[in-house]
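Each position in the first sequence, counted from 1, maps to that position plus 2 in the working numbering.
We treat Cβ as the ideally placed atom computed from N, Cα and C, and that holds for glycine.
A quick note: this is a predicted structure, and the numbers were derived from the prediction, not measured.
Have a look at the structure below before the remarks.
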Amino acid sequence: MLDLKFIRENPELVRKAIQDKGDKADLDGLLALDVKRREIIGEVESARARQNRVTLQIAEMKKAKQDAAAVIAEMRAVSDRIKELDEQLRDAEEKIYQIQIRIPNIPHASVPVGDPSHNQVVRQWGEMPKQDFKPLPHYEIAEKLGLVDFNRTSRMSGASFVGYRGLGARLERALINFMLDLHSEKQGYTEIAPPFVTKRESMFGTGQLPKLEEDMYHIPLDDLFLVPTAEVPVTNLHREEVLDGEELPIFYTAYTPCFRREAGAYGKDTRGLVRIHQFDKVEMVKFVKPETSYEEHEKLTANAEEVLQLLGLPYRVVSLATGDLSFSAAKCYDLEVYAMGMEKWLEVSSCSNFEDFQARRANIRFRPFKGAKPEYVHTLNGSGLALPRTVIAILENYQTDEGTVTVPAVLRKYMGVDVIR
RNA sequence: GGAGAGGUGCCGGAGUGGCUGAACGGGGCGGCCUGCUAAGCCGUUGUAGGGAGUAAUCCCUACCCAGGGUUCGAAUCCCUGCCUCUCCGCCA
């Protein structure tokens with residue numbers, strides 16, 4: 003969330019951000035309430051100052067065995083007035099807060115302004131795959147090779163739930179291990195194995211709540227949420243902490259399944275593995291000093307790109323326009339892999355810089371040096387990568403005219419086979 | 001799941017209704033002193049909000065896990081929540 007003082011001092015900047023992101027937070031309501039709030043504070047604090055003075059007198063009088071009844075009666079009225087004002091203040095602050103937490107982060111100056119049609123392809127990597135036979139879509143390949151149990155798992159858990167079998171299951175596990183190994187051994191990330199459910203506060207910290215509650219799986223009995231991404235548990239690892247400046251930057255990587263209700267997305271991309279309620283993902287999360295966050299953002303994106311490069315999958319990097327940017331992000335690159343069978347670019351990674359937006363919500367700070375005031379860190383995260391669409395690209399781009407799938411070289415040691423047949 | 005204990009400043013640890021933003025010890029920082037062995041002495045050491053001033057700064061308010069309540073007045077009493085620890089039970 004944004005700092006209240008910042009909003010007060012830069013209302014036009016905030017207004018533009020709300021507009022550019024296509025949001026409709028009530029900025030004017032907040033500004034009016036803020037004026038009211040400060041009026042109340044002025045009054046209640048002077049009343050309290052008086053109360054503090056008189057209360058000492060009462061103690062003196064009692065010690066001197068004087069009758070304090072009259073003064074106490076007077077103070078009772080003051081006390082009542084303070085309570086009244088306190089209530090008004092609480093009410094105003096709660097209303098302000100409810101608006102404040104719904105104001106989106108401000109896009110960085112380098113982000114293209116406009117709706118998603120203004121997304122910018124900033125670079126492209128790899129050869130577009132070509133075959134002299136008619137490539138099949140992944141769901142047909144998976145069906146023929148017995149890699150995915152579309153029908154049984156739907157019967158068991160509902161539509162858009164998918165389970166893997168045989169070499170399909172092995173491919174899933176191979177990809178997770180390959181990605182975690184790359185991030186932790188070569189790219190300097192510390193591996194985390196977090197819980198797959200979190201409390202409400204953690205979902206709030208990273209910005210999923212309150213806006214996206216209907217997209218989350220919720221366990222009412224314990225008021226817990228299934229994680230929609232490892233970003234939630236891993237970023238919240240340092241919630242309510244003041245980190246030592248020397249610890250920064252902190253790089254984490256984690257595998258989790260991701261649970262998303264995808265409310266409102268029914269009928270879109272329903273075929274195969276493109277959009278499912280539970281999918282595997284390896285995530286990277288960074289906690290950095292503010293002045294380095296944009297440099298770290300580029301590096302994070304490069305780290306995700308390396309996964310695709312090593313897998314030999316062609317992709318492009320898209321800088322999201324303001325209208326496509328998530329609520330919490332200041333800037334975001336999407337990585338889109340090309341899948342030959344579907345003839346589509348599929349989003350497999352979002353690499354975002356949240357600046358201090360999440361850090362303020364989750365209260366994650368650092369002390370730049372000994373004795374200095376704590377400042378908010380900048381948080382970033384990026385998928386490295388989401389598995390199902392990576393699997394789509396592998397199955398489709400590596401298919402042969404014999405109906406088999408060649409295993410990408412880097413995965414062979416994890417798969418134990420060179421060809422899926 | 002049952003029973004109990006507890007959450008105080010950077011850390012340890014006092015404090016059970018007014019004089020406590022908080023004793024004492026440690027650490028950090030600043031200074032002094034010193035040839036006697038990683039010593040001694042003195043001082044200092046939180047955050048947030050509101051207001052005044054060009055500013056250094058000053059005034060007020062709040063904060064002893066969080067949120068409510070009782071009271072003229074709460075770190076101290078009551079309620080709720082969160083977290084930690086111990087014992088018992090259950091369990092992969």
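Check	Outcome
Rounded distance between the beta-carbons of V379 and F289, thought under 8 Å	5 Å
Where G44 falls: helix, strand or coil (DSSP)	helix
Own chain residues within Cβ distance below 6 Å of D151, not counting five before or after	G165, R167
N-terminal and C-terminal residue of the beta strand (DSSP E) that A374 is part of	Taken as a continuous stretch (DSSP letters only), A374 belongs to no beta strand (DSSP E), as it is neither H nor E.
Spatial distance of E8 from A265 (CA atoms)	Inspection of the sequence shows that residue 8 is occupied by Phe rather than by Glu. The alpha-carbon atoms of F8 and A265 are separated by roughly 34 Å.
Chain-order list of residues whose beta-carbon lies under 8 Å from that of L4 (same chain, five-residue window excluded)	V16, Q102, I105, N107, I108, F359, R362
Uninterrupted beta strand (DSSP E) stretches inside the region 200 to 275 (no shorter than 3 residues)	226 to 228, 243 to 246, 252 to 261
Buried versus exposed, by CB contacts within 10 Å (16 or more), Q401	buried
Minimum C-alpha distance to D246 - residue among M286, C334, C353, R367	R367
Bridge partner(s) assigned by DSSP for K415	The partner list for K415 (beta bridge, DSSP) is empty, contrary to what the question assumes.
Residues near K64 by beta carbon distance below 8 Å, same chain, minus five either side	A70
Cβ-Cβ distance between E357 and S295 below 8 Å	yes
Close Cβ partners of V350 (< 6 Å) along its chain, the five nearest in sequence each way excluded	L337, V339, L387, A388, R391, T392
Anticipated Cβ contact below 8 Å, E285 with A341, distance rounded	Not quite, the Cβ-Cβ distance comes to about 22 Å (not below 8 Å), so this is no contact.
I433 in three-state terms, based on DSSP	In this structure the chain extends from 3 to 423, so residue 433 is not present and cannot be described.
Three or more C-beta pairs below 8 Å linking the region 322 to 332 and the region 128 to 137	no
CA nearest to the CA of Q280, picked from T231, R423, L312	T231
Completely contained alpha helix (DSSP H) runs for the region 297 to 374, where each covers 4 or more residues	359 to 364
As assigned by DSSP and simplified to three states, the class of L149	coil
Complete runs of the beta strand (DSSP E) confined to the region 74 to 153 [at least 3 residues]	122 to 127
Reduced DSSP category for A388 - H, G, I as helix; E, B as strand; rest coil	strand
Classification of L223 by the beta-carbon crowding that lies within 10 angstroms, buried from 16 upward	exposed
Inter-residue Cα distance where the pair is K97 and K26	16 Å
Residues near M417 in its chain [Cβ-Cβ closer than 8 Å; skip 5 each side]	L169, R172, L173, A176, V409
P13 versus E377: straight-line alpha-carbon distance, rounded	23 Å
Same chain, Cβ closer than 8 Å to G160, five either side skipped, listed in chain order	H279
Cut-off 7 Å between Cβ atoms - residues of its own chain near L327, not counting five sequence neighbours on either side	K23, P109, V113, C334
Cβ pair T406, I422 closer than 8 Å	yes
Endpoints, beta strand (DSSP E) assigned at E293	Note, E293: premise wrong, no beta strand (DSSP E); not H, not E.
Three-way DSSP call (helix, strand, coil) for N54 in this model	helix
Inter-stretch contact at 8 Å, needing at least 3 Cβ pairs: the region 30 to 42 / the region 132 to 149	no
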